[in-house]
Amino acid sequence: MSLLLSPLQAAQSSNAHSAGTDIFGFMQSEYAGCAAIFSDLDGCLISSDTVLPGVTQLVSEAGDRLWIVSNNSTDTSRSLAARLKGLGLAIAHEHILLADEVTIRKIAKQIPGIRITLYASELLTELAVELGLKPCRGEKSDIPQLALLTRDPAFFNA
Numbered sequence: 341m342s343l344l345l346s347p348l349q350a351a352q353s354s355n356a357h358s359a360g361t362d363i364f365g366f367m368q369s370e371y372a373g374c375a376a377i378f379s380d381l382d383g384c385l386i387s388s389d390t391v392l393p394g395v396t397q398l399v400s401e402a403g404d405r406l407w408i409v410s411n412n413s414t415d416t417s418r419s420l421a422a423r424l425k426g427l428g429l430a431i432a433h434e435h436i437l438l439a440d441e442v443t444i445r446k447i448a449k450q451i452p453g454i455r456i457t458l459y460a461s462e463l464l465t466e467l468a469v470e471l472g473l474k475p476c477r478g479e480k481s482d483i484p485q486l487a488l489l490t491r492d493p494a495f496f497n498a
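So our numbering is basically just the index in the sequence shown, starting at one, shifted up by 340.
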């Protein structure tokens with residue numbers, strides 16, 4: 341989707357959020373009929389808790405063809421789907437791919453039960469435990485076998 345925003349348009353904008361993606365232009369283009377539409381979240385669909393112009397129409401018209409691919413590192417796909425629903429955007433959690441969640445799921449599948457030093461949000465830590473991973477912080481009696489660093493709000497505020 342962001343292919344429709346040229347670097348010149350972004351550079352000319354004094355406000356990055358107002359530069360945004362030209363959703364209305366996208367919906368009029370031949371790309372709107374693609375079998376799947378992959379979009380970043382922040383700055384493309386929302387800005388903080390503000391739905392960007394044209395996004396409601398995009399979500400409505402694209403339906404199940406719309407996928408969110410994001411490096412959002414505090415949510416899970418379920419928590420993000422719930423937050424988006426609260427903003428009026430109905431996107432199934434199965435259509436939300438978050439880098440940190442995908443990483444945790446891949447680790448749990450490939451190395452079940454591994455002891456892991458996990459610096460992550462509470463939601464992602466809960467997911468890791470739910471999937472059978474064993475978060476630890478490296479005490480002598482419980483040395484981790486793997487470390488995963490994500491955006492941990494508590495890490496820098498401790």
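Virtual Cβ for every residue (Gly too), placed ideally from N, Cα, C. Small disclaimer: the values here were computed from a predicted structure and weren't measured.
- Per DSSP, the unbroken beta strand (DSSP E) holding residue 408 starts and ends at 406–410.
- DSSP, reduced to helix, strand and coil, places residue 481 outside both helices and strands of the structure shown, so it counts as coil.
- Sequence-distant Cβ neighbours of residue 411 in its own chain, meaning closer than 6 Å and more than five residues away, are 439.
- Boundaries of the beta strand (DSSP E) around residue 436: 436–438.
- Burial state of residue 374 is exposed, judged by a 10 Å Cβ sphere holding fewer than 16 other Cβ atoms.
- If you draw a straight line from the Cα of residue 442 to the Cα of residue 397, it comes to about 28 Å.
- Between residue 468 and residue 458, the gap from beta carbon to beta carbon is short of 8 Å.
- In this structure, DSSP gives residue 455 an extended state, which the three-state scheme calls strand.
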